[in-house]
Each structure stands twice: as structure tokens, then as C-alpha cells.
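Just so we're aligned: the sequence shown equals residues 1 to 159 in this note's numbering. Here is the structure we will look at.
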Amino acid sequence: MQTTNTEHRRQVLLFGVALALLPRFVWAQASSQPPVMTVWKDPSCGCCKVWVEHLRSKGLDVLVRDTGNVAARRRLGVPAGLSSCHTAEVAGYVVEGHVPVREIQRLLKEKPDALGLTVPSMPVGSPGMDGPEYGGRKDAYQVLLMTKDGGTRVYQSYP
């Protein structure tokens with residue numbers, strides 16, 4: 001009988017510890033999830049739709065707004081010369097244009113003190129601009145890190 005009573009106390013104690021740690025476990029699991037990316041784009045833009053599919057295919061959670069991309073660009077501080085056809089925001093960073101998921105994931109991991117990333121214009125071969133209608137063509141382009149003071153530096157080159 002003594003062993004059963006001791007065993008019962010041990011189980012109650014373990015249950016209590018597990019219950020106390022549960023909120024920390026749930027929070028850790030929730031915070032390991034990628035943040036939601038909001039994309040503002042024109043509703044009829046085909047390359048924007050393909051870029052969003054690229055994001056989702058790599059596991060990003062994307063909320064699409066089919067309006068307001070010019071206003072979002074202005075509100076988020078994207079310099080006019082660095083703009084493209086769609087604007088996104090994720091975890092406090094701006095993502096402008098056809099930025100590959102690999103660089104977005106790197107940005108979120110490294111967390112630089114910056115405004116965000118941009119691929120100015122619409123280079124053929126970048127995600128969203130790589131469909132069969134381009135015949136396999138791939139132009140060289142650069143992903144730029146936009147600094148908060150309005151400058152840029154090359155974050156990644158795609159030859």
C-alpha cells in the first residue's frame with residue numbers, strides 16, 4: 001500500500017510540473033512558427049500571384065491584399081527608385097518586388113537593423129518572373145538590403 005501511495009504522489013507531482021510548464025511550451029511552439037507576411041498587389045497582376053505561390057510553396061504564411069500597394073510602399077518608406085510591382089511586410093521588414101524566399105528566410109534569421117529587402121524592377125528569372133512564357137530566360141539581378149537611412153547594399157547576387 002505504501003508503494004501505491006508514493007507512486008500516486010509522484011504522478012500528481014509530475015502532472016503539476018507538466019501543467020506549470022505547458023504555457024511555456026505552447027509559447028515556444030507558437031513563436032517558432034514563421035510570421036505572417038502581408039502582400040499588397042494589384043488584383044490583376046499575374047507575376048504577383050506567381051510570387052505569392054512561390055512564398056506559400058516554401059512554407060510562408062501569406063495574407064494577400066489586392067489593393068493599396070502604392071500606399072503601403074509609401075507608408076513603409078520604400079524609396080521610389082527601389083520599388084517594384086508588389087510590396088510586402090513581414091516581422092517589421094519591407095519586402096519589395098520579386099525577392100526569393102531564401103533571402104526572406106535569411107533576413108528573418110539574421111535580423112539586421114534595416115528597412116528590408118528589394119529586387120527593384122521586375123527581372124526575368126526572379127521568382128514570379130520565371131514562368132514558361134519567358135522561355136527559360138534568366139537575367140542577372142541583385143537582392144538589395146535597404147538601410148533605414150535610405151541607402152542600400154547588395155544582400156545577394158543572382159547571376
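Note that the Cβ used here is the ideal one computed from N, Cα and C, for glycine as well. What you are looking at is a predicted structure, and each value in this text was computed from that prediction instead of being measured.
| Item | Value |
| --- | --- |
| Unbroken beta strand (DSSP E) run spanning Ser-57, endpoints | Premise fails: Ser-57 lies in the alpha helix (DSSP H), 46–57, not in any beta strand (DSSP E). |
| Contact belief for Leu-55 with Pro-34 at Cβ below 8 Å, rounded distance in angstroms | In fact, because the Cβ distance is near 10 Å, the residues do not count as touching under 8 Å. |
| Helix, strand or coil at Gln-105 [DSSP, three-state] | helix |
| The region 33–49 contacting the region 87–94, beta-carbon criterion three pairs below 8 Å | yes |
| Endpoints, alpha helix (DSSP H) assigned at Ala-71 | 69–76 |
| Nearest neighbour of Ala-72, chosen from Asp-42, Cys-47, Val-50 [CA to CA] | Asp-42 |
| Buried/exposed call for Cys-47, threshold 16 Cβ in 10 Å | buried |
| Identity of the residue in Ala-114, Lys-58, Pro-127, Val-52 nearest Val-64 by Cα | Val-52 |
| Cα-Cα separation, Val-124 to Tyr-158 | 11 Å |
| Through-space distance from Val-50 to Val-119, alpha-carbon basis | 15 Å |
| Nearest to Cys-85 (by Cα), restricted to the options Val-94, Tyr-141, Ser-121 | Ser-121 |
| Nearest-angstrom Cβ-Cβ length linking Glu-96 and Leu-82, presumed shorter than 8 Å | 6 Å |
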